[in-house]
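Numbering-wise, the sequence shown is residues -5 to 265 according to the numbering used here.
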Amino acid sequence: MLTEQQVSHFNTFGFLIFRQLFGPDELKTISTEFEHALTSAYRHDPFDGTHRHWVRTMGAETPFFASLLEDPRFCKPTEQLYGEDALGIVSDANRYVGHTRWHPDHSVDPTEDCYGIKFAYYLEPVDAKNGALRLIPGSHKNPLHDDLRENLDKFELKICDVPAYICKSEPGDVVAFDMRCWHASWGGASDRRMCTVIYYKNPESPEEEAATRRRAGAFSKSVKEPNNSGLPFSIHRDIMTHWITNHEGSEKRQRWIDRERELGFLDYLQA
């Protein structure tokens, strides 16, 4: 459980860092499942360091990854910050290439876009020079969020010259941040292994629900071929079909599945 100070820190700055959340044995399992998942998904396009590889890790072949959404280390802090009915969305694995530009994952207005929390963890040590996550504290709220959207490009600054908090981390550390925060990375190697666990706030008002449905529709389009991951649609479909089958009989997962089906996040599986 988060302390009052941690909750206040997150609400004020938009992020928290959990040191050594994963132990050595878990890191070995993560690395093994990571390599298997991405190698298997990209048999048609082996990694050559020129573009990012990404895959959801919620299928039968990555059981540890698939369990993380329901792991109390992730879901309990999320429920404290975003409500007990927050929705588990994805666990994934990424091979990043080069820099990542400044951006937020979601817009700040909940009537325009849904929002939530991303837990990010790297499988190698990262710092300011080799791809550590950079966050602009407080940018998950206005006026700073929209000020950055309007003015950041005008400054013509390098990624590394924008004032930010650099989340230096070792394997086992996890950074949790509100997905409306502006974030980036600088100096990343050609094979920067990073994984995430993502939850969304369950929409409350009709306006929030409409915004969440728009996000769901955009996601459904993004996995259809051609898509920005370069993966065949069948891979996305098979992984998520396994997850929603819920062989473990998890009540929490079933609640997520039912609500995400209502909101349209699973519509693409009907195609």
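We put the CB at the ideal spot given by N, CA and C, even for glycine.
Assignment of Asp185 by DSSP, reduced to helix, strand and coil, places it in the coil class. Excluding sequence positions up to five before and after Ser184, its CB lies within less than 6 Å of the CB of Gly43, Val91, all in the same chain and listed in chain order. Cβ neighbours of Gly8 within its own chain (closer than 8 Å, five residues either side excluded): Leu129, Pro131, Gly132, Ser133, His134, Lys135, Phe171, Asp172, Arg174, Cys175. Put simply, the backbone Cα of Leu15 is about 14 Å away from that of Thr23.
Listed in chain order, the alpha helix (DSSP H) runs fully inside the segment 99 to 173 are 138 to 145, counting runs of at least 4 residues. Closest in C-alpha terms to Leu21, from the list Ala122, Arg231, Tyr115, Leu10, comes Tyr115. Looking at the DSSP output, Phe12 sits in a beta bridge with Val168.
Remark: C-beta atoms of His93 and Trp180 approach each other more closely than 9 Å. Collapsing the DSSP output to three states places Thr94 in a strand.
Excluding its 5 nearest sequence neighbours in each direction, Asp86 has C-beta neighbours in its own chain below 7 Å: Trp48, Val49, Arg50, Thr51, Cys189, Thr190, listed in chain order.
His139 and Val102 have their C-alpha atoms some 7 Å from each other.
Counting C-beta atoms within 10 angstroms of its own C-beta, Arg186 has 16 or more neighbours from the protein chains shown and is therefore classed as buried. Going by C-alpha positions, Leu146 is about 11 Å away from Arg95. Judged by beta-carbon spacing, Glu254 lies within the 9 Å limit of Leu81, meaning their Cβ atoms are closer than that value. Boundaries of the alpha helix (DSSP H) around Trp250: 245 to 257. Secondary structure note for His236: its alpha helix (DSSP H) is the uninterrupted segment 227 to 239. Look at the beta carbons and you see the segment 192 to 212 not touching the segment 25 to 44: under three pairs across the two are nearer than 8 Å. Taking the C-beta atoms as reference points, Phe4 is found no nearer than 9 Å to Phe28. In terms of Cα proximity to Gln264, the closest of His100, Arg231, Arg207 is Arg231. Setting aside the 5 residues that flank it on each side, Glu(-2) has no residue in the same chain whose C-beta is closer than 6 Å to its C-beta.
Across the structure, Glu256 and Leu151 are spaced so that their CA atoms are roughly 43 Å apart.
Going by beta carbons, His30 and Gly224 fall outside the 9 Å limit. For Ser2, the enclosing alpha helix (DSSP H) has its first and last residue at -2 to 7. Counting the other CB atoms within 10 Å of its CB gives Arg67 a total below 16, which places it among the exposed residues. For His30, there is no enclosing beta strand (DSSP E); the enclosing alpha helix (DSSP H) has its first and last residue at 18 to 35. Of Ile251, Ser228, Ile153, the smallest CA-CA separation from Trp237 is found for Ile251. Within a 10 Å sphere around the beta-carbon of Gly17 sit fewer than 16 other beta-carbons, which makes this residue exposed.
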